[in-house]
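Okay, so here's the structure we're looking at.
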Amino acid sequence: MRKSPTLHWASLLILYTLVFLMLYEWLGPISELTGTGHLPLITTFVILCFATNLITIWPAWCNTALKVGFVAFIVFYIHGNLTPSEIPVIFNEFITSVKALLTLHIDNVTDSARTFIFLVLLWMTIYLIHHWLTVRYSIFLFFFMTIFFLASIDTFTEYDATYPLIRVMCIGFFLVGMLFIEKVFVNHHMKPTLLRYIKLMVPLLLMIVVSSAFAYFMPKSEPAVDLPAPIEAINDWVNKQLSPTGKIGYVEDDTRLGGSFELDDTPVFDVWAKDAQYLRVDTKYVYTGKGWERKKGDIYVRSFDYDDRVPLSIKSGPSDDTDIMKINMHKQYQFLAQPYGLRKIESNDKDTNRFYVELDTEKIRPTVDEQRTTLTKYSMRYSPPTYKLSELNKTSMHELQNLDEDFDKYLQLPESLPRRVRALAREITKDETSVYDKTTAIESYFSVNGYRYSRSDVDYPEDNQDYVDQFLFDTKIGYCDNFSTAMVVMLRSQGIPARWVKGFSEGDVVDTNNKTTHFEVTNNNAHSWVEAYMPGVGWMQFEPTIGFSGFNQVEDDTRPENDTQLSAEEQAPEAEEEKEQQQEKPEPQQQEPQTDTSKADEQGITWWPWLVGFVVLVVAYGFWRTRKKWIPQYVKTRYASKSTVSIEQAYNDLLKVLAMYGLKKADSETLQQFAKRVDEKLGEHHMKAFVAQYERYIYDPSAKEVQWDKLKESWQYLINKVRG
Amino acid sequence: MDTQVKLQAIIDNIEKVMIGKRHIAELSVVALLGQGHVLLEDVPGVGKTMMVRSLAKSVGATFKRIQFTPDLLPSDVLGVSIYNPKDMAFEFRPGPIMGNIVLADEINRTSPKTQAALLEGMEEAAVTVDGETIEIPKPFFVMATQNPIEYEGTYPLPEAQLDRFLLKLKMGYPDILDEIEVLRRAESTKPIETLTSVVSLEELIHLQQQVKEIHVDDLVKQYIVTLAQATREHPYVYLGASPRGSIALMKAAQAYTLLKGRTFVTPDDIQYLAPFVFSHRLILKPEARYDNVSAEDIVGRIVLNTAVPTRKSEAL
Chain A
32 MRKSPTLHWA SLLILYTLVF LMLYEWLGPI SELTGTGHLP LITTFVILCF
82 ATNLITIWPA WCNTALKVGF VAFIVFYIHG NLTPSEIPVI FNEFITSVKA
132 LLTLHIDNVT DSARTFIFLV LLWMTIYLIH HWLTVRYSIF LFFFMTIFFL
182 ASIDTFTEYD ATYPLIRVMC IGFFLVGMLF IEKVFVNHHM KPTLLRYIKL
232 MVPLLLMIVV SSAFAYFMPK SEPAVDLPAP IEAINDWVNK QLSPTGKIGY
282 VEDDTRLGGS FELDDTPVFD VWAKDAQYLR VDTKYVYTGK GWERKKGDIY
332 VRSFDYDDRV PLSIKSGPSD DTDIMKINMH KQYQFLAQPY GLRKIESNDK
382 DTNRFYVELD TEKIRPTVDE QRTTLTKYSM RYSPPTYKLS ELNKTSMHEL
432 QNLDEDFDKY LQLPESLPRR VRALAREITK DETSVYDKTT AIESYFSVNG
482 YRYSRSDVDY PEDNQDYVDQ FLFDTKIGYC DNFSTAMVVM LRSQGIPARW
532 VKGFSEGDVV DTNNKTTHFE VTNNNAHSWV EAYMPGVGWM QFEPTIGFSG
582 FNQVEDDTRP ENDTQLSAEE QAPEAEEEKE QQQEKPEPQQ QEPQTDTSKA
632 DEQGITWWPW LVGFVVLVVA YGFWRTRKKW IPQYVKTRYA SKSTVSIEQA
682 YNDLLKVLAM YGLKKADSET LQQFAKRVDE KLGEHHMKAF VAQYERYIYD
732 PSAKEVQWDK LKESWQYLIN KVRG
Chain B
543 MDTQVKLQAI IDNIEKVMIG KRHIAELSVV ALLGQGHVLL EDVPGVGKTM
593 MVRSLAKSVG ATFKRIQFTP DLLPSDVLGV SIYNPKDMAF EFRPGPIMGN
643 IVLADEINRT SPKTQAALLE GMEEAAVTVD GETIEIPKPF FVMATQNPIE
693 YEGTYPLPEA QLDRFLLKLK MGYPDILDEI EVLRRAESTK PIETLTSVVS
743 LEELIHLQQQ VKEIHVDDLV KQYIVTLAQA TREHPYVYLG ASPRGSIALM
793 KAAQAYTLLK GRTFVTPDDI QYLAPFVFSH RLILKPEARY DNVSAEDIVG
843 RIVLNTAVPT RKSEAL
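For the record, the sequence lines run as chains A and B. One rule links them: number in my numbering = place in the first sequence (from 1) + 31. One rule links them: number in my numbering = place in the second sequence (from 1) + 542.
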């Protein structure tokens, strides 16, 4: 960073403080709208960047080192919890992110890399501001951009920028005014004394205060009621982009549910299994009224090895009837996708890997040397659970009373939950007696009561509105999160323990081979559903979302004679759906066998466009750098081969070449004035000689016969001179 | 004798008397060649009279001087018919205007009626007395002076009459070395007495004819008109240069070109002469005076901001 010799440190301090306040008006909304956390840390970094511009007591590289260190610290703190063993993980994430950036798969850029890029951008911005302040004495562009930014987000997002705008206006005027005063001092070579500052600053401050107060208290016209359609469209688009979970896919953070989704068919993993089935990732049970949170405090885990029985709360089917499922991950997820009835993870060669289950969420994480890792290929043995209808019919509400207090957490509801939600749940379930019937009554409630599935028309709840209440009574439009959360909340309100499950739906069939089917699971398959506790039976999964196939897990043993018929009926719609899915299967996938994708993975990055681009850039830069050599040479050779020369054209070309040399003729300059200037710079009097002839050619018709030969010598001398 | 040599001789001659005022001498000769008149605006004692007298002596012309006073009558300028009892007829006694080179000193001191009489004479090169039109002998060149300091009891020239002057010049004080030289020469003899004419009146008339042959290219004419237009559009200007002003600039440029020994006018000549030709033709708005901007400044700025045509393709 360059030390500015002209500005006093005190005025620099004031300028930086003001600019910091202005920059802070960016950080607030960015943090609020994009869900970027750790604002205090980022703010500290900004202050550090400004401070290092002020402090010049040690060499500049110390400042750089300080900032690099702080960036590293922030990344390490946020993404590594300051655990030294996380360093290689973060390092690996950086490498994958660089690959993702180079292959333009922006979605695969990891959070740690995003944080890093954000901080580096901030650093650059602050350096730019520093340059504007101390070298250009002009901050207007930044001021204008801030106003534009705030006005835009005020128009297009929920962010209310009324007061930030007023603040920025005041700060900005003061900054611009103060810089102008500094500029006056510099331009007039005045010594900036405190008295002079006060003399100029006090009227400025007064003016800003008075005009701002005047502007604030004056009556203002109401905003236009309806936004014009194009602006409305922009509005929607921006909201979509800015939503913290704007794109579909598996995300860890569910604390604020709602908003619309865009479809995204980026593959997440491939599955080879016998049947189509849901894959569970984790569960959550703390409902806040806005979304789902994870229990705070210590996390208990239970670790297990390859081929060990996986400790999960979901029971599995008979051990003699197991299937195998293979999964090939594309994304860098540090968890496993579990089929229902998971028994064990089959060993592969990497014996160093172990696993643990987080007891609160039931998320399975692979580890290497006690560190979380990513497992790209694994196979699991599972046996899908089945439930007997006769047992389910026996489930009674009384048994729920006697449950262990461990189950209390699955009955938690926020105090702010509106009464009408409970009332509705009671209304739906009042005619049923068994727990199972009550649960299925709620499960099927949505399909017949005017609810609609949509990913695009979903709003966030208002500040004081409950997420479930909004869906059940106001909008009646939603996607899986709405349906599943509503069902969990309604079950809990009736005393039935329930939890919210996240994972992936079955995915698209790629091809079928004997017994195993290959499914491709994309971000579009990210899904959520419900698990409820059936007393005496255990946890059982339910699918309230309209349009999803759900689970085929209940064996009707109450009417043995109708068994086959019934199950056939039950299966019929699913089969149809599956057929449809197979028909809808996009053709490109068929043309692209699975080996292709793995090949693409191995090849990794396609280098040649980057290489070509780089070469073009280098060549272009080379041409640009040497233009003073080759352009005059080119002009000269062009004229050498010409038999007849237009003198005016020669004059034009000479002007261009001279302009490149820094000798540009002003419009109001006469030929002789220009010639004098050129000759002073280049020495000798060739331009004067050239102009003397050219003037005759241009202003004296009797001299029509001015010959190129007369001009040629001077002209060539000048061109050669410029070539150096 | 070669044209340029003759003209340079005149200027050298004047410079013998007017030390360090070569450019004023040059411009006076330009006006003389262009058959225009000069308004000299300056304080007394800087050599206005000496200038004119030396010019007159150099070209062998008759020199007349009219000192304008408030009570001066038109007949005092033009001449008067007096009854001659001997011949029993009115006889015309020519006034001081009937000279080749006339110095009209402190022209703004006299009444508008007398000013008008002089200016009419300047424009027509003839005077009308008692219904009789009498031609003024050629060449005819008036150099009028006005004192910019005293406003009390003066009659400022109307704009229409200022337009009659080809150039307005300001003499200015000599710089210190030049003034020392002036003192040195004035010590012994009056230098003006030693001057002899270097060109005859016939030669001067011939030179005046030659001026008209100097070529002014269309591009240069375009430049002159663009400058004149710019004076009309300038925010500080109430009334800009008239087409007569444009013509004056062209004539002056032709004369100047002849003086410099060239055969065609270049934009450099125009740029040099524009302030002397245009500035007394502009009427400024009051704002200009508040902002302390003079007509010379405005013309200078216009010259700096007007594109010079340097290509045939730029012709309109």
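C-beta: ideal position from N, C-alpha, C; glycine also.
DSSP, read as helix, strand or coil, puts residue 345 of chain A in coil. The beta carbon of residue 671 of chain B sits closer than 8 Å to those of 617, 620, 621, 622, 623, 634, all from its chain and outside the five residues before and after it, given in chain order. The distance from the Cβ of residue 575 of chain B to that of residue 800 of chain B is about 6 Å, consistent with a contact at the 8 Å cut-off. Rounded to the nearest angstrom, the gap between the Cα atoms of residue 550 of chain B and residue 712 of chain B is 21 Å. Less than 9 Å separates the beta-carbon of residue 603 of chain B from that of residue 743 of chain B.
With a beta-carbon spacing of about 5 Å, residue 798 of chain B and residue 572 of chain B fall inside the 8 Å limit used to define contacts. In the three-state reduction of the DSSP assignment, residue 89 of chain A falls in the coil class, being assigned neither a helical nor a strand state. From the listed residues A:313, A:84, A:59, A:166, the smallest Cα separation to residue 530 of chain A is found for A:313.
Assignment of alpha helix (DSSP H) within the region 386–417 of chain A, counting only whole runs of 4 or more residues, yields no such run. Residue 43 of chain A and residue 210 of chain A have their C-alpha atoms spaced approximately 10 Å apart. Closer than 9 Å to the CB of residue 726 of chain A there is at least one CB belonging to chain B. Proximity to residue 162 of chain A across A:85, A:219, A:142 peaks at A:85, based on C-alpha coordinates. Interface with chain A (9 Å Cβ-Cβ cutoff): residue 849 of chain B is included. Of the other Cβ atoms in all chains shown, fewer than 16 fall within 10 Å of the Cβ of residue 457 of chain A; this residue is therefore exposed. Just measuring C-alpha positions, the residue of A:714, A:722, A:740 sitting nearest residue 755 of chain A is A:714.
For residue 203 of chain A, the uninterrupted alpha helix (DSSP H) run begins and ends at 193–218, by DSSP. Interface criterion not met: the Cβ of residue 169 of chain A is under 9 Å from no Cβ in chain B. Residues 574, 643 of the same chain have their beta carbon placed closer than 6 Å to that of residue 683 of chain B, with the five preceding and five following residues left out of the count.
The way I'd put it, the region 440–460 of chain A doesn't touch the region 536–543 of chain A; fewer than three beta-carbon pairs between them come closer than 8 Å.
Take residue 168 of chain A, set aside five residues on each side of it, and the residues of its chain with a beta-carbon closer than 6 Å to its own are 210, 213, 214, in chain order.
As summarised for the region 550–597 of chain A, the continuous beta strand (DSSP E) elements at least 3 residues long and confined to that stretch are 557–565, 569–573, given in chain order. Between residue 667 of chain B and residue 674 of chain B, the gap from beta carbon to beta carbon reaches 9 Å or more.
Taking the Cα of residue 388 of chain A as reference, the smallest distance to any Cα among A:407, A:365, A:410 is reached at A:365. With a cut-off of 8 Å on Cβ pairs, the region 282–291 of chain A is in contact with the region 482–493 of chain A, counting three or more such pairs. Fully enclosed beta strand (DSSP E) runs of no fewer than 3 residues occupy 529–535 of the region 451–536 of chain A, in order along the chain.
By alpha-carbon distance to residue 316 of chain A, the top candidate from A:327, A:742, A:308 is A:327.
Between the C-alpha atoms of residue 418 of chain A and residue 585 of chain A there is a straight-line separation of about 5 Å. Remark: fewer than three beta-carbon pairs, one from each stretch, lie closer than 8 Å, so the region 722–735 of chain A and the region 643–661 of chain A are not flagged as touching.
For the region 50–84 of chain A, the beta-carbon criterion of a distance under 9 Å to any beta-carbon of chain B is satisfied by none of its residues.
The beta carbon of residue 196 of chain A sits closer than 8 Å to those of 178, 181, 182, 185, all from its chain and outside the five residues before and after it, given in chain order. With respect to chain B, the C-beta atom of residue 711 of chain A has no partner C-beta closer than 9 Å. At a C-beta separation below 8 Å, residue 793 of chain B has no neighbours in chain A, since its nearest C-beta there lies roughly 17 Å away.
Bounds of any alpha helix (DSSP H) do not take in residue 298 of chain A; it lies within the beta strand (DSSP E) bounded by 298–304.
Nearest neighbour of residue 46 of chain A by Cα position, chosen from A:336, A:205, A:557, turns out to be A:205.
Taking a Cβ-Cβ cut-off of 9 Å, the neighbours of residue 762 of chain B in chain A comprise 730, given in sequence order. According to the DSSP assignment, residue 670 of chain A belongs to no beta strand (DSSP E) but to the alpha helix (DSSP H) extending over 658–671.
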